[in-house]
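Below is one structure, written out as structure tokens, with a few remarks after it.
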């Protein structure tokens, strides 16, 4: 899904900067549906073949010989022989678009184009593997020291190849199939992510954990997110207040987050009523619809670059919006750090910020 914030995708500047933020896209309605990660394949350790005992009397002991072969032809590896480790045969899994990925050796050089994926990589403690990043990958701060490449709809393939990565990790929208083919022909393995929902986020974390040999860290990260969100759910607002997510500015035409999006799921967890929960995915709406539904809280993803009114000021000053509850009570939240726009670990921070804001209004 692509949300207006700093991320990979549409590079368009107006009075404010609105940059598409994260993973996948259904270009017909802004985004594409979730592809889940399933059927992860792992290599199996080879077995040692041991010869069976000699056959002394074939005619009399034929059945006994077959039984002996059946029980002694293969033995389980002795864990004590190598400290409990068995020979690795590579890394095998399915990415989030159902593509089979096979790596003969651990990843040593990783390029990551999508901001949310970049945050996951660093959260798993694998930042030292990153040799290149998409231009909108800006968190955590240390990633800014890594060379950047033009990413999003206009990803520069030559720049990617110049990094000489073993693996390129990116969202499904960053490249056309033809471009993916060009990158793979250069000997670079391409892994595609695609997360629209919280479950998709957890699956993406799991996939990246497998890719980087960080399965335990990935499980710990996902479990921590689930636990933190569960704590917020326990003290939620029980449907007492409504929220409207504005994921593109008025001058571009209003878009919002509906069902089957992680934003709507965050609203549900917090006990907030999403004014546009019936919208499937990311959909375009009208000013009139917003005015009729009269949200108690407005959450804007518009980025501000220091010119003209801030996004909050622009919303509060809209003609005809003065009777909207959120405007009258100045309950307009504009997060500038992509906490609610990237399907990654910091969604918990975004949920906490939204909870605190609503509680204060």
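Residue numbers (this note's numbering): 71 to 431.
We put the beta carbon where it would ideally sit given N, CA and C, even for glycine.
Does the distance from the CB of residue i to the CB of residue j come in under 9 Å?
{"i": "residue 413", "j": "residue 372", "result": "no"}
{"i": "residue 166", "j": "residue 263", "result": "yes"}
{"i": "residue 235", "j": "residue 196", "result": "no"}
{"i": "residue 317", "j": "residue 367", "result": "no"}
{"i": "residue 361", "j": "residue 393", "result": "yes"}
{"i": "residue 330", "j": "residue 338", "result": "no"}
{"i": "residue 250", "j": "residue 281", "result": "no"}
{"i": "residue 340", "j": "residue 428", "result": "yes"}
{"i": "residue 192", "j": "residue 217", "result": "no"}
{"i": "residue 276", "j": "residue 289", "result": "yes"}
{"i": "residue 279", "j": "residue 285", "result": "yes"}
{"i": "residue 271", "j": "residue 417", "result": "yes"}
{"i": "residue 390", "j": "residue 357", "result": "yes"}
Quick one: give me the first and last residue of the alpha helix (DSSP H) that residue i is part of.
{"i": "residue 434", "result": "Residue 434 is absent from the structure shown; the chain starts at 71 and stops at 431."}
{"i": "residue 294", "result": "285-304"}
{"i": "residue 428", "result": "417-429"}
{"i": "residue 334", "result": "332-339"}
{"i": "residue 206", "result": "No alpha helix (DSSP H) holds residue 206; DSSP gives it neither H nor E."}
{"i": "residue 397", "result": "395-398"}
{"i": "residue 250", "result": "247-255"}
{"i": "residue 281", "result": "268-281"}
{"i": "residue 230", "result": "227-232"}
{"i": "residue 191", "result": "185-193"}
Please look up how many angstroms separate the CB atoms of residue i and residue j, rounded, as I've assumed it's under 8 Å.
{"i": "residue 219", "j": "residue 201", "result": "11 Å between Cβ atoms; not a contact."}
{"i": "residue 224", "j": "residue 267", "result": "That belief does not hold up - the Cβ atoms of residue 224 and residue 267 are roughly 27 Å apart, past 8 Å."}
{"i": "residue 315", "j": "residue 342", "result": "Actually they do not touch by this definition, with Cβ atoms about 10 Å apart."}
{"i": "residue 199", "j": "residue 177", "result": "6 Å"}
{"i": "residue 410", "j": "residue 333", "result": "6 Å"}
Whole angstroms are fine: how far does the CA of residue j sit from the CA of residue i?
{"i": "residue 79", "j": "residue 185", "result": "The predicted position of residue 79 is uncertain, since its pLDDT is 34 and thus under 50; no value can be drawn from it."}
{"i": "residue 426", "j": "residue 161", "result": "42 Å"}
{"i": "residue 349", "j": "residue 159", "result": "46 Å"}
{"i": "residue 287", "j": "residue 305", "result": "28 Å"}
{"i": "residue 388", "j": "residue 408", "result": "24 Å"}
{"i": "residue 403", "j": "residue 205", "result": "26 Å"}
{"i": "residue 382", "j": "residue 396", "result": "11 Å"}
{"i": "residue 355", "j": "residue 370", "result": "15 Å"}
{"i": "residue 385", "j": "residue 364", "result": "14 Å"}
{"i": "residue 169", "j": "residue 242", "result": "11 Å"}
{"i": "residue 283", "j": "residue 269", "result": "21 Å"}
{"i": "residue 183", "j": "residue 164", "result": "19 Å"}
{"i": "residue 380", "j": "residue 310", "result": "28 Å"}
{"i": "residue 347", "j": "residue 359", "result": "13 Å"}
{"i": "residue 415", "j": "residue 374", "result": "23 Å"}
{"i": "residue 188", "j": "residue 194", "result": "10 Å"}
{"i": "residue 239", "j": "residue 252", "result": "15 Å"}
{"i": "residue 401", "j": "residue 430", "result": "9 Å"}
{"i": "residue 208", "j": "residue 215", "result": "10 Å"}
{"i": "residue 302", "j": "residue 398", "result": "27 Å"}
{"i": "residue 222", "j": "residue 233", "result": "17 Å"}
{"i": "residue 328", "j": "residue 265", "result": "15 Å"}
{"i": "residue 254", "j": "residue 179", "result": "15 Å"}
{"i": "residue 156", "j": "residue 175", "result": "Note on residue 156: pLDDT 36, under 50, position unreliable in the model; the coordinate value appears next. If you take the alpha carbons of residue 156 and residue 175, they lie about 15 Å apart."}
{"i": "residue 227", "j": "residue 203", "result": "13 Å"}
{"i": "residue 432", "j": "residue 353", "result": "This structure leaves residue 432 out entirely; the chain is present only between 71 and 431."}
{"i": "residue 351", "j": "residue 376", "result": "31 Å"}
Return the first residue and the last residue of the beta strand (DSSP E) that residue i is part of.
{"i": "residue 363", "result": "Unbroken run through residue 363 is the alpha helix (DSSP H), 357-363; no beta strand (DSSP E)."}
{"i": "residue 346", "result": "That residue, residue 346, is in no beta strand (DSSP E); it is neither H nor E in DSSP."}
{"i": "residue 168", "result": "Looking at the DSSP string, residue 168 is not in any beta strand (DSSP E), and its letter there is neither H nor E."}
{"i": "residue 238", "result": "237-241"}
{"i": "residue 327", "result": "325-327"}
{"i": "residue 314", "result": "312-316"}
{"i": "residue 181", "result": "180-182"}
{"i": "residue 213", "result": "From DSSP, residue 213 is part of no beta strand (DSSP E); its letter is neither H nor E."}
{"i": "residue 367", "result": "367-370"}
{"i": "residue 260", "result": "259-263"}
{"i": "residue 403", "result": "402-404"}
Does the distance between the C-beta of residue i and the nearest non-hydrogen atom of the ligand ADP fall short of 8 Å?
{"i": "residue 268", "result": "Among the components of this structure there are no ligands whatsoever, and the ligand ADP is therefore not found."}
**Study point:** Segment contact flag, the stretch 251-269 with the stretch 309-324, C-beta cutoff 8 Å, min 3 pairs
**Key:** Touching, no, given that fewer than three Cβ pairs across the two stretches are closer than 8 Å.
Check your understanding: When the Cβ atoms of the stretch 292-303 are set against those of the stretch 407-423, are three or more pairs found closer than 8 Å?
Key -> With the rule of 3 Cβ pairs closer than 8 Å, the stretch 292-303 counts as touching the stretch 407-423.
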